[in-house]
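Under the working numbering, the first residue of the sequence shown carries the number 20, and numbering increases by one thereafter.
Ideal Cβ placement from N, Cα and C applies to all residues, glycine included.
Please read these numbers as outputs of a predicted model, since none were measured by experiment.
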Amino acid sequence: MEDWDVDLAQEIAQLFRRDLTRLLQELEAFPDDETLWRTGPGVSNSAGNLALHLEGNLREFVGRQLGSVPYQRRRDEEFAAQGMPKAGVIQRLRGVQELVPSVLARLTSDSLDATFPEQVYGAPLSTRQLLLSLHAHLNYHLGQIDYRRRMLTNGGAIDFVQL
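Given below as structure tokens:
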């Protein structure tokens with residue numbers, strides 16, 4: 020394995036660790052359980068649903084498919100769930116925060132270059148390409164969660180803890 024490949028796997032793991040920490044900080048900034056599950060005009064998914072969707076996405080594609088961690092995804096339930104306590108959502112995401120970087124940090128040059136086991140976007144992608152897409156997906160929904168919280172609470176930006 021090339022040194023830069025080890026560095027790349029470590030860097031990807033660090034990016035996910037940082038942004039999953041930010042996701043947890045956003046969820047903790049919601050004032051109560053009810054607000055986590057509210058939506059606004061023209062918005063169909065609550066922050067709680069988006070958080071569960073990110074959990075399912077990362078447990079499936081990183082945990083199960085790359086880390087061989089048993090998981091049965093129920094994507095419809097990610098968007099149908101309502102009213103779970105905020106502490107329960109946070110606990111589930113803390114598990115993802117531990118799982119994802121540990122799986123990613125173990126990836127080898129061959130596994131990064133390999134075709135990802137599933138055609139997620141209708142065409143074959145390398146594992147490296149899929150991980151970049153998953154990171155973008157995480158940050159897209161992280162931004163949505165931030166704006167939902169701000170709109171529902173008249174709150175401002177939060178100060179992220181630096182890693």
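- Checking the DSSP bridge columns, you'll see residue 145 partnered with 134.
- With distances taken between CA atoms, residue 26 lies nearest to 147 out of 72, 147, 74, 109.
- Note on geometry: alpha-carbon atoms of residue 161 and residue 41 lie some 8 Å from one another.
- If you draw a straight line from the Cα of residue 127 to the Cα of residue 60, it comes to about 46 Å.
- By the Cβ rule, the segment 128-145 does not count as touching the segment 42-56, because fewer than three pairs are nearer than 8 Å.
- Here residue 68 is buried, its C-beta having at least 16 other C-beta atoms within 10 Å.
- Around the CB of residue 95, fewer than 16 other CB atoms lie within 10 Å, so the residue is classed as exposed.
- For residue 124, the uninterrupted alpha helix (DSSP H) segment begins and ends at 105-124.
- A Cβ-Cβ distance of about 7 Å is found for the pair residue 123 and residue 81, placing them in contact under the 8 Å criterion.
- Excluding sequence positions up to five before and after residue 78, its CB lies within less than 6 Å of the CB of 90, all in the same chain and listed in chain order.
- If you look at residue 96, you'll find it in the alpha helix (DSSP H) that goes 94-99.
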